[in-house]
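Those letters in the sequence shown? Residues 46 to 224, per our numbering, in order.
Note that CB positions come from ideal geometry on N, CA and C, so glycine has one too.
Accompanying notes for the structure given below.
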Amino acid sequence: MPDDDLPETFHVTTDEQLRAVSNLTRHRIMAVLRFEPATITQIAERLGLAKGSSSYHVRLLERAGLVKVVRTRKVRGVTERYYAMVARSIELPDPGEGGPDLLMRHAVADLEESPAGGERHVRMAHLRLTEEQFAELGARLEALADEYRELSDPSLPDASLVFALFHPARGTQAVGHAR
């Protein structure tokens, strides 16, 4: 499906939308629909879900306005619906201080379930940066993610990129060593 007409970003603004994206199964369904439309059956097969469970979660996402039916076709007298994302990306509200970051929780869950022995690149680095360096690094990471998203080919295997650049809470910052 050409996604040239898709909005770049959908902003989650309601409690119903936030509840919909908070569920790990629905997060994974949205990942399936990120590059191409799929039916309930295709989603269920791809994620190893029962069709009834897949249907339930897709209905909740549709009701919240996060996915939509993009085409239908008749198959042996039954109307088959193809669902797709409503935008190229979903932006969640800031969780606020001390609140759970749902995106990072989902990313960690996906990472933990990735195939054992598969190629992974996971790294954490503690940095000390000026505000200008911090802003520049954030912009470079976002540009790199956007560049590779444009190169994505639905026929290739999925790969997930997650990054977080943030200032840690005051109590967790490393203390400089005096020399």
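Buried/exposed call for residue i, threshold 16 Cβ in 10 Å
| i | result |
| --- | --- |
| HIS212 | exposed |
| GLN178 | exposed |
| ALA188 | exposed |
| ALA161 | exposed |
Minimum C-alpha distance to residue i - residue among the options
| i | options | result |
| --- | --- | --- |
| LEU201 | LYS96, TYR193 and ALA129 | TYR193 |
| GLY110 | ARG64, HIS166, ALA188 and GLU187 | ARG64 |
| LEU210 | LEU186, ASP191 and ASP198 | LEU186 |
| LEU196 | PHE80, ALA95, GLY97 and GLY162 | PHE80 |
Separation of residue j from residue i, as counted between CA atoms
| i | j | result |
| --- | --- | --- |
| ALA89 | THR59 | 27 Å |
| ASP203 | GLY122 | 33 Å |
| TYR128 | SER99 | 12 Å |
| VAL114 | ASP191 | 26 Å |
| ILE74 | SER159 | 16 Å |
| LEU172 | MET149 | 20 Å |
| GLU136 | GLU181 | 21 Å |
| GLY97 | LEU174 | 50 Å |
Beta carbon proximity, residue i to chain D, threshold 8 Å
| i | result |
| --- | --- |
| GLU164 | Judged by its chain identifiers, the structure shown contains no chain D, having just a single protein chain. |
Sheet register partners of residue i (DSSP bridge)
| i | result |
| --- | --- |
| THR124 | LYS119 |
| MET130 | VAL112 |
Whole-number beta carbon distance between residue j and residue i, since they are thought to touch under 8 Å
| i | j | result |
| --- | --- | --- |
| ALA132 | THR54 | 6 Å |
| HIS31 | HIS151 | For the chain, the structure presents residues 46 to 224; residue 31 sits outside this window and is missing. |
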